[in-house]
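Data first, discussion second: the structure below is written as structure tokens.
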Amino acid sequence: MKLAFIAARTTSAEAARDRLIAIYGDAPPTQADVIVALGGDGLMLECLHRVLGTAMPVYGMNCGSVGFMMNEYHEDDLPGRVTRAMSSVLHPLRMHAVTASGVVEEAMALNEVSLLREGRQAAKIRISVDHTERLNELICDGVLIATPAGSTAYNLSAHGPIIPLSANLLPLTPISAFRPRRWRGALLPSTVDVLFEVLEADKRPVAAVADFTEVRDVVSVAVSEDRSISATVLFDPDRALSERIITEQFTV
């Protein structure tokens with residue numbers, strides 16, 4: 000088995016990579032069977048973006064802090080662990096953003112697409128789902144739509160629901176909503192097209208962020224799940240992602 004090791008830019012992760020290369024060798028990522036990511040969840044997200052749309056799976060070992068998307072770090076029998084690992088297939092959200100100057104930007108998100116106010120004033124955003132207006136004016140710091148895998152990240156911090164991988168749902172979650180004050184978001188089928196329109200964009204500028212890609216001064220943002228593209232992440236049998244997401248719902 001040919002393994003390619005990618006480490007976060009930390010002393011511990013780089014030292015782990017050197018030790019593992021000494022044991023197992025190191026293949027170029029384009030020629031490897033599996034990419035082994037050494038770091039935390041941020042590095043895993045970077046690696047998944049690198050392989051998005053390819054058949055290359057990613058197996059992570061935690062050399063960071065939380066490591067929700069990572070397996071435990073062990074150096075023994077790594078090819079055997081990879082062979083026995085369970086795979087989870089993730090589909091990204093595709094963001095289509097239009098700026099005030101008419102520039103169109105597209106990006107993929109495996110965690111979430113979020114709209115965030117740029118200045119001191121709250122944003123005003125209209126939300127439509129499948130060409131039907133659902134909220135004519137949300138006054139807020141922002142709003143996000145997440146994937147099931149990303150529902151435990153920023154979405155959870157914004158008090159959105161955790162979504163099992165098999166649910167085929169996307170959480171739509173406001174960030175510090177001022178009006179309507181009692182709106183807590185929605186659960187949408189994964190097949191929908193969501194359109195965010197920024198109201199009073201010149202007075203209340205808004206940025207759109209898809210994982211690592213930020214587009215400033217947007218006037219509209221369309222988001223939908225793209226099931227034609229996928230990324231595969233590998234987990235030890237006792238740390239399956241689907242089980243971890245369910246367990247997270249009972250964490251207090």
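Taking numbering that gives the first Met the number 0, the leading residue of the sequence shown gets 0, the next gets one more, and so forth.
Ideal Cβ positions, reconstructed from N, Cα and C, are used throughout, including at glycine.
None of these values were measured; they are calculated from a predicted model.
Check your understanding: Mind checking residue 186: buried by the 16 CB within 10 Å criterion, or exposed?
Key -> Exposed, because fewer than 16 other Cβ atoms sit within 10 Å of the Cβ of residue 186.
Check your understanding: What beta strand (DSSP E) runs, 3 residues minimum, are completely inside the stretch 96-155?
Key -> Runs of the beta strand (DSSP E) lying entirely within the stretch 96-155 and spanning at least 3 residues, in chain order: 103-108, 111-116, 122-128, 131-139, 141-145.
Practice item. Leaving aside the five residues before and after residue 239 along the sequence, list all residues of the same chain whose C-beta is less than 6 Å from its C-beta, in chain order. Key: The residues are 85.
Point to revise | Where residue 196 falls, given that 16 or more other Cβ within 10 Å makes a residue buried | key: Buried, by the Cβ-count rule.
Check your understanding: According to DSSP, is residue 41 helix, strand or coil?
Key -> Here residue 41 sits in helix by DSSP.
**Study point:** Where residue 221 sits in the DSSP three-state scheme
**Key:** Strand at residue 221.
Exercise for review: Can you check DSSP and say which residues form a bridge with residue 86?
Suggested key: Residue pairing for residue 86: DSSP places it in a beta bridge opposite 233.
Exercise for review: Can you say whether residue 167 is buried or exposed, counting buried as having 16 or more other CB atoms within 10 angstroms of its CB?
Suggested key: Taking a 10 Å sphere around the C-beta of residue 167, we find fewer than 16 other C-beta atoms and assign the residue as exposed.
Practice item. Within the same chain, show all residues whose beta-carbon is closer than 7 Å to that of residue 74, passing over the 5 residues directly before and after it, in chain order. Key: In its chain, beyond the 5 residues on either side, 18, 19, 22 have a beta carbon closer than 7 Å to the beta carbon of residue 74.
Review point. What number of angstroms, rounded off, separates the C-alpha of residue 90 from the C-alpha of residue 230?
Key: Their Cα atoms are separated by approximately 7 Å.
Practice item. Kindly confirm or deny that the stretch 92-99 and the stretch 125-140 touch, where touching means at least three C-beta pairs closer than 8 Å. Key: At 8 Å Cβ cutoff, the stretches do not touch.
Practice item. State the DSSP-derived secondary structure class of residue 23, mapped to helix, strand or coil. Key: In the structure shown, residue 23 sits in a helix (DSSP, three-state: H, G or I).
Practice item. Could you work out which residue in 137, 193, 206 is closest to residue 173 when comparing CA atoms only? Key: With distances taken between Cα atoms, residue 173 lies closest to 137.
Exercise for review: Look at the alpha carbon of residue 154 and the alpha carbon of residue 161, and state the distance between them as a whole number of angstroms.
Suggested key: Put simply, the backbone Cα of residue 154 is about 8 Å away from that of residue 161.
**Study point:** Where the beta strand (DSSP E) through residue 196 begins and ends
**Key:** DSSP places residue 196 in the uninterrupted beta strand (DSSP E) bounded by 192-198.
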